[in-house]
Each structure stands twice: as structure tokens, then as C-alpha cells.
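Trainee: Quick one: the structure is below, questions incoming.
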Amino acid sequence: MLYILLFVLCILLFIFGMTIIRFGLFNLSANKLKTWLIKLTSSPLKGMLTGTFVTALLQSSSAVMVITIGLISAKIMTFPQSIGIILGTNIGTTFKTELITFNLDAILVPLAICGAVLILFKNKKARSIGMLTFGIASVFTAMKGFELLAHPLTSMDFINKFILSINDNIFLSLLTGTIITAIIQSSTAMTGIAMGFLTAGSLQLDAGIAIVLGANIGTCITAVIASIGGGKESRLAAFAHVWLNVIGVLLFIPLIPTLTDHALILANRKDVQLAHISVIFNVVSSMLILPFATKFGEMILFLHDRKPNK
């Protein structure tokens, strides 16, 4: 029971770290992000590049989706303008997945101390930098916790049985990633958990890939919640985010065995392999939709905005 409690605390620490990283970066960039989102969306390609950059900066696709839906609700941005941003958020979110593969164990304590000290400063920029460094220390500490707790957790009978069952069932792995991500509202945290079990050797790579694919669907829940009460176009943007990930996952499920077999080409460590495969999934799925962005928008309108002809 203690190990489960510690694991939950690691999840909370990871989400806390990602949140204050986002706050720190957002404070440093002020309102420029919203200006970029509004101005640089005249074409799907510009929107995708803007969405990628802003998401990489904020370290959260959900945050960018919430901002976008807020701008649509306020009639500052239209649904067609949001399509490129939605494609970009999926690419931008892979930066943090790659970030957590680095080994910063030796500097975690100094980072946390520096961050904590800077947060106490009155200067806004110093506080923001403090949030950023303390958040990074929190995220990497949580990742170390996932790795260390994976072994004792898998020694528990019911967890061991569950992991063995998802190792043998791609669709159960996919469902696990979707549900847990929808609950904790962080695809990166779900990916970090999968990396921990991969490093411990209890989770197979193909199951890990399926979990990450499921996490991409589960993370859409934030946009769906944010769109409630925001008007028709806000709901359309949320649905577009859901459909982008669902279509991408459906296309990639048959490729899981191939990706697993050739993962050694990407990296030696399994956690790094998973991070690289996450990048491939998000980049390829967005690039496949980009040439058909207008048609994709029309499909969303057809599915979710049917009106009787007058």
C-alpha cells in the first residue's frame, strides 16, 4: 500500500512540476502567445508551426488547446483558424516527452534549491525562472520515482497480473493509456509512467507504444471540458482535437509490431525508444492531415454541426 501511495505522490509531483513550468514560461512570455496564436493562423501551415512553437514553449498541448478554445469563445479566433494550431499542439507536446529522457539526477537538488530561492524574489522574471527550474527538478524527481517504484510495484500480485495482461493485449494497453490519461489529464505523465515500467523491464515495448497512443486520445478530455458552454465553434475545435488523435491512433495500431521490431534503430534504451516513437506518431499524424486541413475541417462540420436545410 505504501508503494502505491508513493506512486500516486510521484504522479502528483510530476503534474505539479509540469504546471509550474507552464506558469513560469507563460509569465515570461506574457500575452505575446495569444497575439501569435491570433495573427499567425492565416493558413493551416502557419497555424501548425505556431501551435508547435507555442506548445513547445508552454510544455502543454492541453494549455494551448484551452487558450485556443477561449479565444474562439471570445470570437477573437474562428474554428477554421484553429485547425493548424490543433495539428501543431500534437507536435509541440513531444518536446517535453524527449526532455524527460535526459539524465539530470546529479543536478536535481541544486536545481530545486535554486528554483525555490528564485521563487521568493519579488522580481517577476526571477520568480518565473525559479518556477521553471523548480518545475524541471520536480518532473525529473517524479520520473526517478516512477523508475524506482516500478520494481516493488510489479512484485505486488494484482499489479503484476495487470501488467502481464496488458503486455499480451494491445487494445487493453491502448484503453489503459486512454483512461488513466483522462483521469490525471497529462499524457506526458502517462508516458513517464510507461517509461518507468519499461526501464524496470516489466512492460513490453509494444504495450508501451499502445499506452502512449491511448494517452494521446485521453489527453483530449481537457479540450472537451474547456469547450463546454463556449459555443458551437469551441466545441468543433475540441472535436477536431479528438478526431485528429483517434484517426492517428487507428492508422498507427497496425504499425506497432513494425515500430517494436525496428526500435533499436532509434535508440538503445527502451524509454528513449518510446519517446522517439511518440515523436514519430505525432509528427506523422499531423503531417498527414495538413494537406487536407480544409477537408478535415469540413468533415468535423459535417459530423458535428448538421443543420436542417431551410
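When the count follows the numbering used here, it moves up by one through the sequence shown with no breaks and lands on 326 for the last residue.
The beta-carbon is built from N, C-alpha and C at its ideal position, and this holds for glycine as well.
1) Taking Cβ to Cβ, would you say Ala-166 is nearer than 9 Å to Thr-197?
2) Relative to the alpha-carbon of Trp-259, which residue among Ile-305, Ala-210 and Lys-141 has its alpha-carbon at the smallest distance?
3) So within the segment 139–218, which uninterrupted alpha helix (DSSP H) runs reach at least 4 residues, ignoring any that extend past its ends?
4) Rounded to a whole number of angstroms, what is the C-alpha to C-alpha distance between Leu-229 and Thr-204?
5) Give a yes or no on contact between the segment 286–295 and the segment 260–267, applying the rule of three or more CB pairs nearer than 8 Å.
6) Which word fits Phe-312, buried or exposed, when buried means at least 16 other C-beta atoms lie within 10 angstroms of its C-beta?
7) By alpha-carbon positions, which one of Lys-62, Val-155, Thr-110 and Leu-41 ends up nearest to Ile-101?
8) To the nearest whole angstrom, what separates the beta carbons of Gly-67 and Gly-108, a pair I think is in contact under 8 Å?
9) With H, G and I counted as helix, E and B as strand and the rest as coil, what does DSSP make of Lys-326?
10) Using the C-alpha atoms, what's the distance from Lys-160 back to Gly-217?
11) Can you name, in chain order, every residue of its own chain whose Cβ lies under 8 Å from the Cβ of Thr-57, other than the five neighbours on each side?
12) Using the C-alpha atoms, what's the distance from Ser-89 back to Gly-246?
13) Does DSSP put Thr-57 in a helix, a strand or coil?
14) Could you compute how far the alpha carbon of Ser-250 sits from the alpha carbon of Asn-185?
15) Can you tell me whether Ala-283 is helix, strand or coil according to DSSP?
16) Does the beta-carbon distance from Thr-149 to Ala-128 come in below 9 Å?
17) Quick check: the Cα distance between Val-82 and Cys-236, rounded to an integer number of angstroms?
18) Would you report the Cα separation of Phe-30 and His-320, rounded to the nearest angstrom?
19) Write down the C-beta distance between Ala-242 and Ile-37 rounded to the nearest angstrom, noting that I regard them as a contact closer than 8 Å.
20) Hey, how far is the Cα of Val-133 from the Cα of Leu-120?
21) Taking a contact to mean a Cβ-Cβ separation below 9 Å, would you say Phe-162 touches Ile-199 in this structure?
22) Closer than 6 Å by C-beta to Val-295: which residues in its own chain qualify, once you throw out the five before and the five after it? Chain order, please.
23) So, is Asn-176 buried or exposed, given that buried needs 16 or more other C-beta atoms within 10 angstroms?
24) Work out the CA separation of Asn-183 and Asp-222 for me, nearest whole Å.
25) Could you spell out the range, first to last residue, of the alpha helix (DSSP H) harbouring Asp-222?
26) I'd like to check one pair, Pro-60 with Asn-309: are the Cβ atoms closer than 9 Å?
27) Going by beta-carbon coordinates alone, are Thr-170 and Gln-220 separated by less than 9 Å?
Mentor: The answer reads as follows:
1) Position 150 of the sequence shown, counting from 1, holds the residue named residue 166. Position 181 of the sequence shown, counting from 1, holds the residue named residue 197. Result no, Cβ atoms of Ala-166 and Thr-197 do not sit closer than 9 Å.
2) Locating residue 259 in the sequence shown gives position 243, counting from the first residue. Nearest option by C-alpha distance: Ile-305.
3) Counting whole runs of 4 or more residues, the segment 139–218 contains the alpha helix (DSSP H) stretches 140–170, 173–183, 186–200 and 203–216.
4) As a working note, residue 229 is residue 213 in the sequence shown. As a working note, residue 204 is residue 188 in the sequence shown. The alpha-carbon of Leu-229 is positioned some 12 Å away from that of Thr-204.
5) With a cut-off of 8 Å, the segment 260–267 and the segment 286–295 do not count as touching, because too few Cβ pairs lie within range.
6) Here residue 312 corresponds to residue number 296 of the sequence shown, with the count starting at 1. It is buried - the Cβ of Phe-312 has at least 16 other Cβ atoms within 10 Å.
7) For the purposes of this step, residue 101 is identified with residue 85 of the sequence shown, where counting begins at 1. Cα-wise, what sits closest to Ile-101 is Lys-62.
8) By 1-based counting over the sequence shown, the position of residue 67 is 51. By 1-based counting over the sequence shown, the position of residue 108 is 92. With 8 Å as the limit, Gly-67 and Gly-108 qualify as a contact, their Cβ atoms being about 6 Å apart.
9) For the purposes of this step, residue 326 is taken as residue 310 along the sequence shown, with counting starting at 1. Note that Lys-326 has pLDDT 41, beneath the 50 cutoff, so the model's placement of it is unreliable and the number below is only indicative. Taken through DSSP and simplified to helix, strand or coil, Lys-326 comes out as coil.
10) The count along the sequence shown starts at 1 and reaches residue 217 at position 201. The count along the sequence shown starts at 1 and reaches residue 160 at position 144. A direct Cα-Cα distance of roughly 15 Å separates Gly-217 from Lys-160.
11) The residue labelled residue 57 in the question sits at position 41 within the sequence shown. Cβ within range, chain order: Gly-63, Thr-66, Met-93, Gln-97, Ser-98, Gly-100 and Ile-101.
12) Within the sequence shown, residue 246 is the residue found at index 230, counting from 1. Within the sequence shown, residue 89 is the residue found at index 73, counting from 1. Distance between Gly-246 and Ser-89, taken at the CA atoms: about 5 Å.
13) In the sequence shown, residue 57 corresponds to position 41, counting from 1. Coil, per DSSP.
14) Residue 250 sits at position 234 when you count from the first residue of the sequence shown. Residue 185 sits at position 169 when you count from the first residue of the sequence shown. Ser-250 and Asn-185: Cα-Cα distance of roughly 36 Å.
15) In the sequence shown, residue 283 corresponds to position 267, counting from 1. Note: Ala-283 maps to coil in three-state DSSP.
16) Reading the sequence shown from its first residue, position 133 is the one you call residue 149. Reading the sequence shown from its first residue, position 112 is the one you call residue 128. In contact: Thr-149 and Ala-128 (Cβ atoms closer than 9 Å).
17) Walking along the sequence shown from the start, residue 82 turns up at place 66. Walking along the sequence shown from the start, residue 236 turns up at place 220. So the two alpha carbons sit approximately 11 Å from each other.
18) Working through the sequence shown from its first residue, we reach residue 30 at position 14. Working through the sequence shown from its first residue, we reach residue 320 at position 304. Inter-residue distance for Phe-30 and His-320 is about 35 Å (C-alpha atoms, whole angstroms).
19) Stepping through the sequence shown from its first residue, residue 242 is reached at position 226. Stepping through the sequence shown from its first residue, residue 37 is reached at position 21. The Cβ separation is near 20 Å, so there is no contact.
20) One-based indexing of the sequence shown puts residue 133 at position 117. One-based indexing of the sequence shown puts residue 120 at position 104. One C-alpha to the other measures close to 20 Å.
21) Residue numbering aside, residue 162 sits at position 146 when the sequence shown is read from its first letter. Residue numbering aside, residue 199 sits at position 183 when the sequence shown is read from its first letter. Using a Cβ distance threshold of 9 Å, Phe-162 and Ile-199 do not count as a contacting pair.
22) Start at 1 with the first residue of the sequence shown, and residue 295 comes out as number 279. Cβ neighbours of Val-295 beyond the five flanking positions: Thr-110.
23) Your numbering for residue 176 matches position 160 in the sequence shown. Around the Cβ of Asn-176, a 10 Å sphere holds fewer than 16 other Cβ atoms; the residue is exposed.
24) Position 206 of the sequence shown, counting from 1, holds the residue named residue 222. Position 167 of the sequence shown, counting from 1, holds the residue named residue 183. If I take the Cα positions, the gap works out to 8 Å.
25) As a position in the sequence shown, residue 222 is number 206, starting the count at 1. Residues 221–234.
26) To locate residue 309, count along the sequence shown from 1; it is residue 293. To locate residue 60, count along the sequence shown from 1; it is residue 44. In the sequence as presented, Asn is not what sits at residue 309; that position holds Ala. Less than 9 Å separates the beta-carbon of Ala-309 from that of Pro-60.
27) For the purposes of this step, residue 170 is taken as residue 154 along the sequence shown, with counting starting at 1. For the purposes of this step, residue 220 is taken as residue 204 along the sequence shown, with counting starting at 1. Taking 9 Å as the cut-off, the Cβ atoms of Thr-170 and Gln-220 do not count as close.
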